[in-house]
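K.L.:
So that we are looking at the same thing, I have put the structure below in structure tokens.
2 protein chains.
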Amino acid sequence: DETITISEYILTRLEQMGVESIFGVPGDFNMPFLDYVEDHPKIKWIGCCNELNASHAADGYSRVKEHGIGVIVTTFGVGELIAMNGVAGAFSEMVPVLHIVGVPSTLQQKQKPILHHTLGDGRFDAYTKAAAQTTIAQAAIVDKVTAGPEIDRVLAQAITTARPVYLTLPMDLVSTKISAKRLKVELPRSPPPNDSEVEAFVLDEIVKLVEAADQDVVILTDACVIRHHVRQEVNDLIHKTHFPVYSSPMGKTSVNENYERYGGVYVGLNSHPKIKEKVENAKLILSIGSLKSDFNTGMFTYSVPASRTVELHSGHTLIRHAQFPGIGMKKLLPKLTERLHKFEEDAKQLPLPQYKALIPDEKDDIISQAYFWPRMGQFFKPKDVIVAETGTSSFGILDVELPEDSIFVAQILFGSIGWSVGTTLGAAVAARERHLGRTILFVGDGSLQVTAQELSTMTAKGVHPILFVLNNNGYVIERHLHGMDRDYNNIVDWNYTSLLTTFGDKDGSRSRSYTVHNKKELNDLLEDETFAKADKIQLVEVMMDRYDAPRALKASAQLSEAMAKRIAEQDPEA
Amino acid sequence: DETITISEYILTRLEQMGVESIFGVPGDFNMPFLDYVEDHPKIKWIGCCNELNASHAADGYSRVKEHGIGVIVTTFGVGELIAMNGVAGAFSEMVPVLHIVGVPSTLQQKQKPILHHTLGDGRFDAYTKAAAQTTIAQAAIVDKVTAGPEIDRVLAQAITTARPVYLTLPMDLVSTKISAKRLKVELPRSPPPNDSEVEAFVLDEIVKLVEAADQDVVILTDACVIRHHVRQEVNDLIHKTHFPVYSSPMGKTSVNENYERYGGVYVGLNSHPKIKEKVENAKLILSIGSLKSDFNTGMFTYSVPASRTVELHSGHTLIRHAQFPGIGMKKLLPKLTERLHKFEEDAKQLPLPQYKALIPDEKDDIISQAYFWPRMGQFFKPKDVIVAETGTSSFGILDVELPEDSIFVAQILFGSIGWSVGTTLGAAVAARERHLGRTILFVGDGSLQVTAQELSTMTAKGVHPILFVLNNNGYVIERHLHGMDRDYNNIVDWNYTSLLTTFGDKDGSRSRSYTVHNKKELNDLLEDETFAKADKIQLVEVMMDRYDAPRALKASAQLSEAMAKRIAEQDPEA
Ligand SMILES: Cc1ncc(C[n+]2csc(CCOP(=O)(O)OP(=O)(O)O)c2C)c(N)n1
Ligand SMILES: Cc1ncc(C[n+]2csc(CCOP(=O)(O)OP(=O)(O)O)c2C)c(N)n1
Ligand SMILES: [Mg+2]
Ligand SMILES: [Mg+2]
Numbered sequence: 007d008e009t010i011t012i013s014e015y016i017l018t019r020l021e022q023m024g025v026e027s028i029f030g031v032p033g034d035f036n037m038p039f040l041d042y043v044e045d046h047p048k049i050k051w052i053g054c055c056n057e058l059n060a061s062h063a064a065d066g067y068s069r070v071k072e073h074g075i076g077v078i079v080t081t082f083g084v085g086e087l088i089a090m091n092g093v094a095g096a097f098s099e100m101v102p103v104l105h106i107v108g109v110p111s112t113l114q115q116k117q118k119p120i121l122h123h124t125l126g127d128g129r130f131d132a133y134t135k136a137a138a139q140t141t142i143a144q145a146a147i148v149d150k151v152t153a154g155p156e157i158d159r160v161l162a163q164a165i166t167t168a169r170p171v172y173l174t175l176p177m178d179l180v181s182t183k184i185s186a187k188r189l190k191v192e193l194p195r196s197p198p199p200n201d202s203e204v205e206a207f208v209l210d211e212i213v214k215l216v217e218a219a220d221q222d223v224v225i226l227t228d229a230c231v232i233r234h235h236v237r238q239e240v241n242d243l244i245h246k247t248h249f250p251v252y253s254s255p256m257g258k259t260s261v262n263e264n265y266e267r268y269g270g271v272y273v274g275l276n277s278h279p280k281i282k283e284k285v286e287n288a289k290l291i292l293s294i295g296s297l298k299s300d301f302n303t304g305m306f307t308y309s310v311p312a313s314r315t316v317e318l319h320s321g322h323t324l325i326r327h328a329q330f331p332g333i334g335m336k337k338l339l340p341k342l343t344e345r346l347h348k349f350e351e352d353a354k355q356l357p358l359p360q361y362k363a364l365i366p367d368e369k370d371d372i373i374s375q376a377y378f379w380p381r382m383g384q385f386f387k388p389k390d391v392i393v394a395e396t397g398t399s400s401f402g403i404l405d406v407e408l409p410e411d412s413i414f415v416a417q418i419l420f421g422s423i424g425w426s427v428g429t430t431l432g433a434a435v436a437a438r439e440r441h442l443g444r445t446i447l448f449v450g451d452g453s454l455q456v457t458a459q460e461l462s463t464m465t466a467k468g469v470h471p472i473l474f475v476l477n478n479n480g481y482v483i484e485r486h487l488h489g490m491d492r493d494y495n496n497i498v499d500w501n502y503t504s505l506l507t508t509f510g511d512k513d514g515s516r517s518r519s520y521t522v523h524n525k526k527e528l529n530d531l532l533e534d535e536t537f538a539k540a541d542k543i544q545l546v547e548v549m550m551d552r553y554d555a556p557r558a559l560k561a562s563a564q565l566s567e568a569m570a571k572r573i574a575e576q577d578p579e580a
Numbered sequence: 007d008e009t010i011t012i013s014e015y016i017l018t019r020l021e022q023m024g025v026e027s028i029f030g031v032p033g034d035f036n037m038p039f040l041d042y043v044e045d046h047p048k049i050k051w052i053g054c055c056n057e058l059n060a061s062h063a064a065d066g067y068s069r070v071k072e073h074g075i076g077v078i079v080t081t082f083g084v085g086e087l088i089a090m091n092g093v094a095g096a097f098s099e100m101v102p103v104l105h106i107v108g109v110p111s112t113l114q115q116k117q118k119p120i121l122h123h124t125l126g127d128g129r130f131d132a133y134t135k136a137a138a139q140t141t142i143a144q145a146a147i148v149d150k151v152t153a154g155p156e157i158d159r160v161l162a163q164a165i166t167t168a169r170p171v172y173l174t175l176p177m178d179l180v181s182t183k184i185s186a187k188r189l190k191v192e193l194p195r196s197p198p199p200n201d202s203e204v205e206a207f208v209l210d211e212i213v214k215l216v217e218a219a220d221q222d223v224v225i226l227t228d229a230c231v232i233r234h235h236v237r238q239e240v241n242d243l244i245h246k247t248h249f250p251v252y253s254s255p256m257g258k259t260s261v262n263e264n265y266e267r268y269g270g271v272y273v274g275l276n277s278h279p280k281i282k283e284k285v286e287n288a289k290l291i292l293s294i295g296s297l298k299s300d301f302n303t304g305m306f307t308y309s310v311p312a313s314r315t316v317e318l319h320s321g322h323t324l325i326r327h328a329q330f331p332g333i334g335m336k337k338l339l340p341k342l343t344e345r346l347h348k349f350e351e352d353a354k355q356l357p358l359p360q361y362k363a364l365i366p367d368e369k370d371d372i373i374s375q376a377y378f379w380p381r382m383g384q385f386f387k388p389k390d391v392i393v394a395e396t397g398t399s400s401f402g403i404l405d406v407e408l409p410e411d412s413i414f415v416a417q418i419l420f421g422s423i424g425w426s427v428g429t430t431l432g433a434a435v436a437a438r439e440r441h442l443g444r445t446i447l448f449v450g451d452g453s454l455q456v457t458a459q460e461l462s463t464m465t466a467k468g469v470h471p472i473l474f475v476l477n478n479n480g481y482v483i484e485r486h487l488h489g490m491d492r493d494y495n496n497i498v499d500w501n502y503t504s505l506l507t508t509f510g511d512k513d514g515s516r517s518r519s520y521t522v523h524n525k526k527e528l529n530d531l532l533e534d535e536t537f538a539k540a541d542k543i544q545l546v547e548v549m550m551d552r553y554d555a556p557r558a559l560k561a562s563a564q565l566s567e568a569m570a571k572r573i574a575e576q577d578p579e580a
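If you're matching them up, the sequences are chains A and B in order. In the numbering used here, each number is its position in the first sequence, counted from 1, plus 6. In the numbering used here, each number is its position in the second sequence, counted from 1, plus 6.
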């Protein structure tokens, strides 16, 4: 029987899943495993400045790689806890990530000495217990027999649920040999077929509703279309039916936004009025992969009653008030497309709102939020990877139409600031592996300060993202939520344009940094071909007003306030 | 009955405990509470770049403040998880810290909508469950009646156990009024008295052992002397008995190291041979506040059998093999001092090893580790706060005698790199509040990169630490443990001397940065009075060899290897 070390077993599985880069930070408990990573012919080690950034990089890598998994390696206790925010974010946002933690030897785990990185009280399982809160499955490698099956179990879970998983690898088992036999069968990457009888019933019911709606149907595409990899199936559906399609914020780029039947972003009360009207007045809403979080629904102000809605999900289907557990969209969608194809001619007649965010005609020369975002829309190209941080950025970009085959990456549900910086590293690495276009980040000054050092790794690893840093003197999104002029919403004014030279590009030959103070400087830069080519890492400091916010953010802040009021009124305690 | 808002209740308690600064990062769930912090007449808000650094700052603040508590405020989910490493470190190292988390309203916690910062699956208790692994007590503020008692309960626990605690404050209760009556009684800060009968018995037993040992006694002082605040009691003991006293690494500065009866650092096989001989051959070892972790004991190579040992702890006493639960050292020590005073004349005769780390007479001009640390010893002054990061720094400083009334701060048990940077912020703030001397940090290049941005907050808040950055091209401590020339132990070469101007001192007027390449440059700088005065924040990049390590680190790496071998041999699986 062929054997293989446990480390190589893990790496072979990852290679099968398309992993070419692994992120993390070394430590004495994981270095023996890192030897295997470094020696692997196809997989590269990308050492990060810290584990928080590494966890975000694994998240970004997973999102842009698509159909794969992001991997982070940390060391016992100290490293894994720093990574926890990023792993939790991957859970919340449904991104498959494998978190491998190098841990003390199996014997030490039994004897429980007061080792460095422990809590000092002999609880060697404390970190795993904490990790259980933020991962969908955990496995501890403890012996030869269970190692292979356990590794496979958590990897399969990560892929099928689109969530992070946790794997501890003790120092003494890193080079232990196990059977390689299981590796001959790759792990399944798509869900099992639906029960055919129930599925047929579901299809009939949906077709009946479409007919009853006089074909007045809109399609709403959301986060899980991306997370559960049905982008292709959804695109087939919309092209073969011509029903108008709208997207949620988290669903952005799940369908081509230049497509003639794409109507824009629906986000409840926070939508453009014309979009809102069209979506909410449709006789039937076919919602695909929805994720109804606060910011993704305009603070829960959706106005599409269940009685007019069909919802397709990764593991179940809802038809009006009826639930169909186990009927998943991956297998259902192609059949639905076939059945709905016949409505194409009528569906083509359904009107779309004529709404596009235009560049406003402003008299002054200030780079306003209202100006900046549509202007950026003109700068994007097909296949660009566009990352937006929580803050004015993630709201500002909502109204911008993104180009064909672009990938939009944002953390609209979890919303942990600083995330976008590590994510940009991972996204840029994945984009390079996939031969995609440029990676373009929009990040606020406050968020950048959380994780700024990871610009260093980008420079060192030779990826060339364009980093737009919105310098508006603090936590502007927070100002609009609470404490407009409070001191806690101010931050230190950094010299952003010296970040790249400070963090490793000592002679300035491998990067370019710019500050744009006004519309003219911004336009000149965006029109500069050398800049647009993005053949080096580039940072652009964009000077903005400390109170200015995009339309969608202001609207959202008002809705938040209204929601808080509603709550206060309901609450007997207050 | 007088009433007070819950926020003010918390702040009043903290003020009673001597808190003058609170660290953290705002978020929409904690900003209403931050209004109270910002408006408080005595307590200052110190906004950090991220929650990891803020958690380390609270740790450093707590350590240097002494007899108090460090406080960090974060926001639900995203912020609190980033802070988790720092809170776990405070647990491991026994540092009282209060972690206040701003959380959704009580109603939202019941209704469980998919709010931003949640895991998206309605588990609103997930973060508290994770926090339970790394804090000694948790409390959720949920109503008027229990709020006061719950706040008091966790604060009392933090102080008596010297561990971190976790408190969630929901948005809707921030301004809720509760009775202020409890505040009239301050929380007890010292442990209750020992059972007098058992205590008397314990005292008799110890005195008998000292007599039987022909007064050949050595005192070993360790971490918990500092953590459980018996420094004064231990100093009384050694001055009134004149028994020779040695310290563990974590016990450094628990007693005055210039004191004539101080013999140096005992750390098992890793000790200087003369110290090892004296300690291990004593007829009786009186160990106070010991914490027997790997690095604190030379990888568990203590050679002081229980039969010759008395151990005093915060909550129990060990006399040879007998345990006395409940007999704590705080109350025991003064009585013991009284009883042992009579041995003073004989104890004075006990010889001390004549070992001091001297500056070696090296021919070359390289700044070696062997040269650097004793040279730094001459630079220190009484009342300095000396912070050493995990790595060559925390080992290099062990052999250096620190001055009277200095405070040594290191994370020798938990050993999370990057910790020292946030800690230095907190330490410097506390040192300023206490009118102590300079705050001096030693940090490796790799560790600095983990948390570098917090230099920004130091500059902005006007504290003036001296930051020695050891530039040795990577993770040198790791090289000595595994993978000497592995790529994963290399890091990006930053422009360290431009960090302070990049991070906020834009015109260079508020900071100074230096690089010292050789012994002469180092000496010139250390002898420069303007530098030594530390009236601005200063960063010194110290150029060192990429393989050089201090004696204690090399010895420790060898012991680690030996330990790993022992384990491999014991292990049936390997
Ligand atoms: C880790 C974390 N800490 C705190 C917050 C709370 N928070 C949300 S947005 C924000 C401010 C972002 O400011 P910036 O990046 O400058 O964006 P902008 O000014 O463009 O809104 C903060 C502090 C968070 N979401 N995540
Ligand atoms: C958060 C965390 N991640 C990883 C480690 C593993 N680790 C221990 S020491 C060290 C390297 C420290 O390097 P540096 O600060 O440059 O110190 P020096 O070179 O002086 O030894 C690393 C990566 C750790 N202890 N903590
Ligand atoms: Mg900002
Ligand atoms: Mg180093």
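No residue lacks a Cβ here, since even glycine has one placed at the ideal position from N, Cα and C. Values in this document were obtained by computation on a predicted structure and should not be read as measured data.
How about B:Asp513: is its Cβ closer than 7 Å to a heavy atom in ligand 4?
P.N.:
Here residue 513 of chain B refers to the residue found at position 507 when the second sequence is read from its first residue. Every heavy atom of ligand 4 is 7 Å or more from the Cβ of B:Asp513, so no.
K.L.:
Would you say B:Glu57 touches ligand 1, meaning its beta carbon is less than 7 Å from a heavy atom?
P.N.:
The sequence position of residue 57 of chain B within the second sequence is 51, counting from 1. Result yes, Cβ under 7 Å from ligand 1.
K.L.:
List, in chain order, every chain A residue whose beta-carbon is nearer than 7 Å to that of B:Trp379.
P.N.:
Translated into the one-based positions of the second sequence, residue 379 of chain B becomes position 373. Within 7 Å Cβ-Cβ: nothing; B:Trp379 doesn't reach chain A, min ~21 Å.
K.L.:
Using the three-state DSSP reduction, which class does A:Phe330 fall into: helix, strand or coil?
P.N.:
To locate residue 330 of chain A, count along the first sequence from 1; it is residue 324. Strand.
K.L.:
Taking 8 Å as the limit between beta carbons, can you name the residues of its chain near B:Ile142, skipping five residues before and five after?
P.N.:
One-based indexing of the second sequence puts residue 142 of chain B at position 136. The residues are Phe97, Gln163, Ala164, Thr167, Arg169, Pro170 and Val171.
K.L.:
Applying a beta-carbon distance threshold of less than 8 Å, which residues of chain A neighbour B:Thr140?
P.N.:
Counting from one through the second sequence, the residue named residue 140 of chain B turns up at place 134. Neighbours of B:Thr140 on chain A, chain order: Leu87, Leu125, Ala132 and Ala136.
K.L.:
Have a look at B:Ser412 and A:Arg233 and give me their C-alpha separation to the nearest angstrom.
P.N.:
By one-based count along the second sequence, residue 412 of chain B stands at place 406. By one-based count along the first sequence, residue 233 of chain A stands at place 227. Distance between the alpha carbons of B:Ser412 and A:Arg233 is about 55 Å.
K.L.:
Within 8 Å of any Cβ in chain A, is that where the Cβ of B:Ala561 sits?
P.N.:
Stepping through the second sequence from its first residue, residue 561 of chain B is reached at position 555. By this cut-off, B:Ala561 is not an interface position.
K.L.:
Rank A:Ala137, A:Gln117 and A:Glu72 by C-alpha distance to the C-alpha of A:Gly83 and give the top, closest one.
P.N.:
Along the first sequence, read from residue 1 onward, the residue named residue 83 of chain A stands at position 77. Looking at the Cα atoms, A:Ala137 is the closest of the given residues.
K.L.:
Which residues count as close to ligand 3 when the rule is a CB under 5 Å from any of its heavy atoms, in chain order?
P.N.:
The filter returns A:Gly450, A:Asp451, A:Gly452, A:Asn478 and A:Val482, in chain order.
K.L.:
Skipping 5 residues on each side, what residues in its chain have a beta carbon closer than 8 Å to that of B:Thr11?
P.N.:
For the purposes of this step, residue 11 of chain B is taken as residue 5 along the second sequence, with counting starting at 1. A distance below 8 Å between beta-carbons, with the five flanking residues on each side excluded, links B:Thr11 to the following residues of its chain, in chain order: Tyr42, Val180, Ser181, Thr182, Lys183 and Ile184.
K.L.:
Could you tell me whether any Cβ in chain A is nearer than 8 Å to the Cβ of B:Thr50?
P.N.:
Here the question's residue 50 of chain B lines up with position 44 in the second sequence. Reading off the sequence shown, one finds Lys at residue 50 of chain B, where the question assumed Thr. Closer than 8 Å: no.
K.L.:
For a contact defined as C-beta to C-beta under 9 Å, what are the partners of B:Asp390 on chain A?
P.N.:
The sequence position of residue 390 of chain B within the second sequence is 384, counting from 1. Those within 9 Å of B:Asp390 in chain A number zero; the least Cβ separation is about 26 Å.
K.L.:
Give the interface partners of B:Cys55 over in chain A, defined as CB-CB distance under 7 Å, in chain order.
P.N.:
Position 49 of the second sequence, counted from the first residue, corresponds to residue 55 of chain B. Neighbours of B:Cys55 on chain A, chain order: Gln455 and Val456.
K.L.:
Counting C-beta neighbours from all protein chains within 10 Å, is the total for A:Val151 16 or more, i.e. buried, or is it exposed?
P.N.:
One-based indexing of the first sequence puts residue 151 of chain A at position 145. When all chains shown are included, A:Val151 counts as exposed.
K.L.:
From A:Pro340 to A:Lys190, what does the alpha carbon distance come to, in whole angstroms?
P.N.:
Residue mapping note: residue 340 of chain A aligns to position 334 of the first sequence, counting from 1. Residue mapping note: residue 190 of chain A aligns to position 184 of the first sequence, counting from 1. Computed Cα separation, rounded: 30 Å.
K.L.:
Between the C-alpha atoms of B:Gln589 and B:Ala146, what's the straight-line distance to the nearest angstrom?
P.N.:
Nothing about residue 589 of chain B can be reported from this structure: the residues present for chain B run from 7 to 580 only.
K.L.:
Quick one: any contact between the segment 540–550 of chain B and the segment 510–530 of chain B, if contact means 3 or more CB pairs under 8 Å?
P.N.:
In this structure the segment 540–550 of chain B touches the segment 510–530 of chain B; the number of beta carbon pairs closer than 8 Å is three or more.
K.L.:
Using the beta-carbon count (16 or more within 10 Å), is A:Met490 buried or exposed?
P.N.:
Along the first sequence, one-based indexing puts residue 490 of chain A at 484. Result: exposed.
K.L.:
Whether or not the segment 314–334 of chain B and the segment 262–277 of chain B are in contact is what I'm after, with contact meaning three or more pairs of Cβ atoms, one per stretch, closer than 8 Å; do they touch?
P.N.:
no
K.L.:
Would you say the beta carbon of B:Gly126 comes nearer than 7 Å to a heavy atom of ligand 1?
P.N.:
Sequence index remark: in the second sequence, residue 126 of chain B carries index 120 (1-based). For ligand 1, not one heavy atom lies less than 7 Å from the Cβ of B:Gly126.
K.L.:
What is the rounded straight-line gap between the Cα of A:Leu297 and the Cα of A:Ala229?
P.N.:
The residue you call residue 297 of chain A lines up with position 291 of the first sequence. The residue you call residue 229 of chain A lines up with position 223 of the first sequence. Answer to the nearest angstrom: the Cα atoms are 6 Å apart.
K.L.:
Can you tell me whether A:Leu581 is buried or exposed, with buried defined as 16 or more other CB within 10 angstroms of its CB?
P.N.:
Nothing about residue 581 of chain A can be reported from this structure: the residues present for chain A run from 7 to 580 only.
K.L.:
Closest to B:Glu263 by C-alpha separation, out of B:Glu86, B:Ile423 and B:Lys389, would be which residue?
P.N.:
As a first step, residue 263 of chain B is located in the second sequence; it is residue number 257 there, counting from the start. Nearest of B:Glu86, B:Ile423 and B:Lys389 to B:Glu263, Cα basis: B:Lys389.
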